[in-house]
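Chains as they are written, first to last, in the numbering used here: chain A, 3 to 292; chain B, 2 to 384. Idealized CB from N, CA, C, for every residue including glycine. Everything on this sheet refers to the single structure shown next.
See the structure below:
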């Protein structure tokens, strides 16, 4: 039973990790908590749903298109809601982010209504049994695609020229621009990649839990944020670790403490980590620039 | 200050006199023997919120009554009598409900009252209708002991507890289940279902696991894994259709082989869409199910839709049944208040659209709750 619960936590955690990556990448570059990220996740799920059910697009193509659409939405939000405020106080951008989040979820409620939509499963529900745990085909898909996406992201950030530029901008925006890096372009790319990951998580959760609703982004958005902070905000491996840890803590908390407190467990973990290591598990101590 | 108080007192006195006069005047020439098209009128009073926050309940109740009355008048089943509705709005306020009851018995001189809707409203009218000896049947007030000690007060409605108790009995006796697990949603609805089901199931068999979730949760695997460990043969879901569909899916993914059970919160097509194969064979109690293919239900649903252009809900259906109980009472005993009271009190095995209904000696409802089963992706009536 323990191994099964661990697996449940791992699968839940991998979706949190994908969401957390979007938060952490944006924060790493422009030090902004993009609170509209949960809505990008919701948007991705809806795009995937519409492509599969209305336009009858094959599932994997729909998955990629939903990621692309989410990336586009992320870029648009950045362009309309954050870029004009780049030079103003961080609080202004934060409020703009919350506004974008409320606007998007209400827009979705207006267009799609509040009844949950059923996400048809792309393939027959098959269950595999091992001596220690049972895993379904959908779960394997969620785990594998999260893993692949995380590997791809790490490769982009560590091995490509764009990744190098992203890291440079994260380290020091002004110096990076002096070195000939186009800051606006890098910010746009970062939003695109982070949002694509969020949209991917949305589609995966959609097929995993079979439902898509306009308000589905709220709680996972918060959890993704918590995961990013636990792992050390701005740190990419930290977001992955934080997501997985959070998922496992939540499931084990629900199993062994009380299922009423599963969300409480998640936020208690956040407080605990912040008390012991304020910069997050993998975060570096912050030094205010003089 | 004092002068003003005096003024108010005088005003009140004059006002009361006027009201009394009006009341007396209303009594004089207006005996209950009204006629319409040569038929004697039987007045049915209704009390309920037609405006305010609870207006949806009151409106649907009134509509249910109207459908039953129209039907009875059109069919001529009452012979020389014709039914007429006198409806009063309470705005959901119990003091206005008391006034409404008073007006119906004193001024309108109704033969029978169907109402009120909210429990507080019905409680406020209890003594008034008892003193006036006007039988009253509420189609929706579920408060405990409401009808106790009042021979003129009856009700026709279904509490959450009764649903859970009857399903537990059905599960043990008809389905042969013996090891129950319960998964409930953490609100009043889920808790009262869970408490009643757990008590009854423990009395008849055994409850091996109880787990809880929150409204809007998506992932139930950790609760289900804990439940699976205890090897139950059935899972009672005390919650709503969206979560129940996901629970069914995830239970299947965990390789659980359990009979799914639930209450009226499950009876919605969304359950079938989300749950798909996984909810096949599930049983759930239902206060009223508009897609029930039984002819009586379909007649009501069609008549209601034709008149109001929307699907009836449980409130409308219970009000329809309450009105039918009154009509049956008139047919079997007679149209006077006392005769109607006797007729309602004698109701036994009345085949209502909300289930087979009897009235016990306290004026409370005994109902064979409708049980639905999911078969081939559709709800069918199992009982």
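Taking CB atoms only, residue 211 (chain A) has a neighbour in chain B less than 7 Å away. Nearest to residue 111 (chain B) by C-alpha distance, out of B:127, B:93, B:135, is B:135. In this structure, DSSP gives residue 35 (chain B) a state outside helix and strand, which the three-state scheme calls coil.
Contact residues of the stretch 256-274 of chain B toward chain A are 256, 271, 274 (C-beta to C-beta distance below 7 Å). With respect to chain A, the C-beta atom of residue 224 (chain B) has a partner C-beta closer than 7 Å. Of the other Cβ atoms in all chains shown, 16 or more fall within 10 Å of the Cβ of residue 157 (chain B); this residue is therefore buried. Only residues of its own chain outside the window of five on either side were considered, and among them 183, 185, 239 have a CB closer than 6 Å to the CB of residue 195 (chain B), listed in chain order. Cβ proximity to chain B below 8 Å picks out 127, 129, 131, 136 from the stretch 125-137 of chain A. Here the alpha carbon of residue 54 (chain B) sits roughly 45 Å from the alpha carbon of residue 28 (chain A).
Where residue 356 (chain B) is concerned, the enclosing beta strand (DSSP E) starts and stops at 356-360. By alpha-carbon distance to residue 165 (chain B), the top candidate from B:291, B:353, B:285 is B:285. Under the Cβ distance rule, residue 88 (chain B) does not count among the residues neighbouring chain A, no pair being separated by less than 7 Å. Within the same chain, and ignoring the five residues on either side of residue 351 (chain B) in sequence, the residues whose Cβ sits closer than 8 Å to its Cβ are 322, 325, 326, 329, 357, 358, 359. Collapsing the DSSP output to three states places residue 236 (chain B) in a strand. According to the DSSP assignment, residue 169 (chain A) belongs to the alpha helix (DSSP H) that extends over 163-173. Approximately 6 Å separates the beta-carbon atoms of residue 19 (chain A) and residue 241 (chain A); this is inside 8 Å, confirming the contact.
With a contact defined as Cβ atoms closer than 8 Å, residue 52 (chain A) and residue 121 (chain A) miss out at about 11 Å.
Any Cβ of chain B closer than 7 Å to the Cβ of residue 261 (chain A) would place that residue at the interface, and such an atom is present.
Contact annotation, residue 87 (chain A) with residue 98 (chain A): C-beta distance approximately 6 Å; criterion of less than 8 Å satisfied. Minimum Cα-Cα distance from residue 265 (chain B) among the listed residues B:278, B:76, B:373, B:246 corresponds to B:373.
With distances taken between CA atoms, residue 62 (chain B) lies nearest to B:315 out of B:315, B:237, B:76, B:337.
The shortest C-alpha to C-alpha distance from residue 214 (chain A) to any of A:11, A:85, A:174, A:41 is the one to A:41. Nearest to residue 87 (chain B) by C-alpha distance, out of B:116, B:94, B:73, is B:116.
Per the DSSP secondary-structure output, residue 137 (chain B) pairs in a beta bridge with B:114, B:154.
Here the stretch 124-131 of chain B does not lie against the stretch 298-307 of chain B, with fewer than 3 beta-carbon pairs under 8 Å apart.
With the criterion set as a beta carbon lying under 7 Å from some beta carbon of chain B, the stretch 217-251 of chain A has no members that meet it. Residue environment analysis places residue 203 (chain B) among the exposed positions, since fewer than 16 neighbouring C-beta atoms fall within 10 angstroms of its C-beta. Relative to residue 82 (chain B), the option among B:337, B:68, B:60 whose CA is nearest is B:337.
Contacts with chain A at 7 Å (Cβ-Cβ) do not include residue 193 (chain B). The residue from B:361, B:353, B:380 with its alpha-carbon nearest to that of residue 370 (chain B) is B:353. With distances taken between CA atoms, residue 343 (chain B) lies nearest to B:153 out of B:44, B:51, B:153, B:97. Residues of the stretch 185-216 of chain B with a C-beta atom less than 8 Å from some C-beta of chain A are 187, 212, 213, 214, 215, listed in chain order. Closest by C-alpha distance to residue 290 (chain B), out of B:101, B:243, B:313, is B:313.
Residue 235 (chain A) carries a coil assignment under DSSP once its states are collapsed to helix, strand and coil. Per DSSP, residue 231 (chain B) is not a residue of any beta strand (DSSP E), being assigned neither H nor E. Inter-segment contact for the stretch 128-146 of chain A and the stretch 74-83 of chain A is absent: fewer than three beta-carbon pairs are separated by less than 8 Å.
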